[in-house]
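These notes concern the structure reproduced below.
In the working numbering, the protein residues as written are 1223 to 1368.
Here it is, written out as structure tokens:
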């Protein structure tokens, strides 16, 4: 991903000019970022014998994919034992975290239960914020040196 963007940027700088090369690199980086933050897979496995539903989340649960996550949760039958697996979840933002928290309370009122590793989910949210802040500080320091 990043290596391809790097080489395309370098090639564009050499073949055209600095401004166009940098703009192409920024454009490709933006496209990659949008894809990463808009990609969420939700896989559902139902076990009627145990009245259990397993939801597997993979990718990034962001505001962009909130409607998809909400639709998947709303399709679940009332009263089931829902287990949400977040091992393959790369990122979750505040909106999706709130959605899961509120849905947990509403679903409990129907006699259902939600099992999720809340601590791990919270860590995924906080770790990403810290790494984003660290990356922003490093980029600002690099720009100041240039």
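Note that CB positions come from ideal geometry on N, CA and C, so glycine has one too.
### Task
Provide the residue(s) that pair with residue 1327 in DSSP beta bridges, ordered along the chain.
Stepping through the chain shown from its first residue, residue 1327 is reached at position 105. None, per the DSSP bridge assignment.
### Integer Cβ distance of residue 1243 from residue 1235, believed to fall under 8 angstroms
Walking along the chain shown from the start, residue 1243 turns up at place 21. Walking along the chain shown from the start, residue 1235 turns up at place 13. So it is a contact: roughly 3 angstroms between Cβ atoms.
### Alpha-carbon spacing of residue 1273 relative to residue 1303, whole angstroms
Here the question's residue 1273 lines up with position 51 in the chain shown. Here the question's residue 1303 lines up with position 81 in the chain shown. The alpha-carbon atoms of residue 1273 and residue 1303 are separated by roughly 6 angstroms.
### Message
Output needed for residue 1307: all residues of its chain with C-beta closer than 6 angstroms, excluding positions within five of it in sequence on either side, in chain order.
### Response
Within the chain shown, residue 1307 is the residue found at index 85, counting from 1. Excluding sequence neighbours, residue 1307 sits near 1278.
### Query
Which stretch, first to last residue, makes up the alpha helix (DSSP H) that contains residue 1248?
For this step, residue 1248 is matched to residue 26 along the chain shown. Here the alpha helix (DSSP H) through residue 1248 covers 1240-1259.
### Message
By the DSSP assignment, the alpha helix (DSSP H) with residue 1294 in it spans what residues?
### Response
Taking the chain shown and counting its residues from 1, the one referred to as residue 1294 is at position 72. Start and end: 1288-1296.
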